[in-house]
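In the numbering used here, each residue carries its 1-based index in the sequence shown increased by 20.
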Amino acid sequence: MAEDIEEIRKRKLMELQKKYLEQQKAQEEAIKQEMELEAQLNAIMRRVLTPEARERLGRVKLVRPELARQVELLLAQLYQAGQIREPLSDEKLKRILAQIEARTRKEFRIKW
(Lines of atoms letter the chains of each structure in order from A; the text may use other names.)
(Lines give C-alpha, C1' and ligand atoms only; values in the text may rest on other atoms or scores of the structure.)
Protein backbone atom coordinates (compact mmCIF):
# COMPACT_ATOMS: atom_id res chain seq x y z
CA MET A 21 0.00 0.00 0.00
CA ALA A 22 2.78 2.42 0.95
CA GLU A 23 4.61 1.44 -2.24
CA ASP A 24 1.53 2.25 -4.32
CA ILE A 25 1.23 5.70 -2.78
CA GLU A 26 4.93 6.32 -3.33
CA GLU A 27 4.63 5.17 -6.95
CA ILE A 28 1.63 7.49 -7.52
CA ARG A 29 3.58 10.40 -6.02
CA LYS A 30 6.53 9.71 -8.29
CA ARG A 31 4.26 9.54 -11.34
CA LYS A 32 2.51 12.78 -10.41
CA LEU A 33 5.85 14.50 -9.84
CA MET A 34 7.09 13.31 -13.24
CA GLU A 35 3.90 14.58 -14.91
CA LEU A 36 4.23 17.97 -13.23
CA GLN A 37 7.89 18.24 -14.25
CA LYS A 38 7.01 17.33 -17.83
CA LYS A 39 4.22 19.95 -17.95
CA TYR A 40 6.56 22.56 -16.48
CA LEU A 41 9.24 21.82 -19.08
CA GLU A 42 6.66 22.00 -21.88
CA GLN A 43 5.42 25.37 -20.61
CA GLN A 44 8.98 26.65 -20.42
CA LYS A 45 9.64 25.54 -24.00
CA ALA A 46 6.45 27.22 -25.18
CA GLN A 47 7.39 30.47 -23.41
CA GLU A 48 10.89 30.40 -24.86
CA GLU A 49 9.47 29.80 -28.34
CA ALA A 50 7.02 32.69 -27.93
CA ILE A 51 9.82 34.99 -26.80
CA LYS A 52 11.98 33.89 -29.73
CA GLN A 53 9.14 34.56 -32.20
CA GLU A 54 8.49 37.98 -30.66
CA MET A 55 12.18 38.86 -30.96
CA GLU A 56 12.23 37.74 -34.60
CA LEU A 57 9.13 39.81 -35.36
CA GLU A 58 10.68 42.82 -33.64
CA ALA A 59 13.89 42.42 -35.66
CA GLN A 60 11.92 42.15 -38.91
CA LEU A 61 9.85 45.22 -38.07
CA ASN A 62 12.97 47.21 -37.19
CA ALA A 63 14.59 46.25 -40.49
CA ILE A 64 11.48 47.29 -42.42
CA MET A 65 11.21 50.57 -40.48
CA ARG A 66 14.83 51.38 -41.45
CA ARG A 67 13.82 50.95 -45.09
CA VAL A 68 10.50 52.79 -45.08
CA LEU A 69 11.14 55.72 -42.71
CA THR A 70 13.61 58.58 -42.77
CA PRO A 71 15.82 58.89 -39.67
CA GLU A 72 13.63 61.72 -38.35
CA ALA A 73 10.47 59.65 -38.80
CA ARG A 74 12.09 56.65 -37.07
CA GLU A 75 13.05 58.89 -34.17
CA ARG A 76 9.46 60.14 -33.90
CA LEU A 77 8.10 56.60 -34.00
CA GLY A 78 10.55 55.67 -31.24
CA ARG A 79 9.23 58.49 -29.06
CA VAL A 80 5.64 57.46 -29.79
CA LYS A 81 6.56 53.89 -28.80
CA LEU A 82 7.65 55.13 -25.38
CA VAL A 83 4.36 56.94 -24.75
CA ARG A 84 1.82 54.90 -26.72
CA PRO A 85 3.33 51.47 -27.50
CA GLU A 86 0.03 50.10 -28.87
CA LEU A 87 -0.29 52.99 -31.35
CA ALA A 88 3.33 52.59 -32.45
CA ARG A 89 2.79 48.85 -32.98
CA GLN A 90 -0.28 49.52 -35.14
CA VAL A 91 1.70 51.96 -37.27
CA GLU A 92 4.63 49.54 -37.58
CA LEU A 93 2.36 46.71 -38.69
CA LEU A 94 0.53 48.95 -41.15
CA LEU A 95 3.79 50.21 -42.66
CA ALA A 96 5.16 46.67 -42.86
CA GLN A 97 2.05 45.51 -44.71
CA LEU A 98 2.22 48.43 -47.13
CA TYR A 99 5.94 47.82 -47.72
CA GLN A 100 5.46 44.10 -48.33
CA ALA A 101 2.59 44.87 -50.71
CA GLY A 102 4.93 47.17 -52.66
CA GLN A 103 2.95 50.31 -51.88
CA ILE A 104 5.86 52.13 -50.22
CA ARG A 105 8.63 52.85 -52.69
CA GLU A 106 10.57 55.61 -50.93
CA PRO A 107 11.19 56.39 -47.26
CA LEU A 108 8.35 58.24 -45.59
CA SER A 109 9.18 61.65 -44.16
CA ASP A 110 8.43 62.80 -40.65
CA GLU A 111 5.47 64.83 -41.96
CA LYS A 112 3.90 61.80 -43.64
CA LEU A 113 4.41 59.73 -40.50
CA LYS A 114 2.70 62.45 -38.44
CA ARG A 115 -0.31 62.29 -40.77
CA ILE A 116 -0.46 58.50 -40.50
CA LEU A 117 -0.21 58.69 -36.71
CA ALA A 118 -3.00 61.28 -36.61
CA GLN A 119 -5.27 59.15 -38.81
CA ILE A 120 -4.77 56.01 -36.75
CA GLU A 121 -5.12 58.00 -33.52
CA ALA A 122 -8.42 59.44 -34.75
CA ARG A 123 -9.76 55.98 -35.62
CA THR A 124 -8.76 54.38 -32.33
CA ARG A 125 -9.33 57.24 -29.91
CA LYS A 126 -11.84 56.58 -27.17
CA GLU A 127 -13.87 59.51 -26.03
CA PHE A 128 -15.07 59.75 -22.49
CA ARG A 129 -17.95 62.03 -21.62
CA ILE A 130 -18.98 62.72 -18.10
CA LYS A 131 -22.53 63.89 -17.68
CA TRP A 132 -23.68 65.69 -14.56
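We treat Cβ as the ideally placed atom computed from N, Cα and C, and that holds for glycine.
| request: Starting from the Cα of VAL68, find the closest Cα among LEU93, LEU82 and LEU57 and give me that residue. | output: Out of LEU93, LEU82 and LEU57, the CA that lies nearest to the CA of VAL68 is found in LEU93.
| query | Going by Cα to Cα distance, which pick from TYR99, GLN90 and GLU106 is closest to GLN119? | reply | GLN90
| task | With hydrogens ignored, establish whether the beta-carbon of GLN90 is closer than 7 Å to any heavy atom of the ligand NAP. | result | Of ligands this structure carries none, so the ligand NAP is not represented either.
| request: In angstroms with no decimal places, state the Cα-to-Cα distance between GLN43 and LEU36. | output: Between the C-alpha atoms of GLN43 and LEU36 there is a straight-line separation of about 11 Å.
| request: Would you list the residues sitting across from LEU69 in a DSSP beta bridge? | output: LEU108
| Euclidean distance between Cα positions of GLY78 and TYR99 | 19 Å
| query | Which value, in whole angstroms, describes the spacing of the CA atoms of GLU75 and LYS114? | reply | 12 Å
| message | Judging by CA-CA distance, which residue of ARG125, GLN47, ARG31 and ASP110 is the nearest neighbour of ALA73? | response | Residue ASP110 holds the alpha-carbon nearest to the alpha-carbon of ALA73 among ARG125, GLN47, ARG31 and ASP110.
| Which class does ARG125 belong to by DSSP, given the choice of helix, strand or coil? | coil
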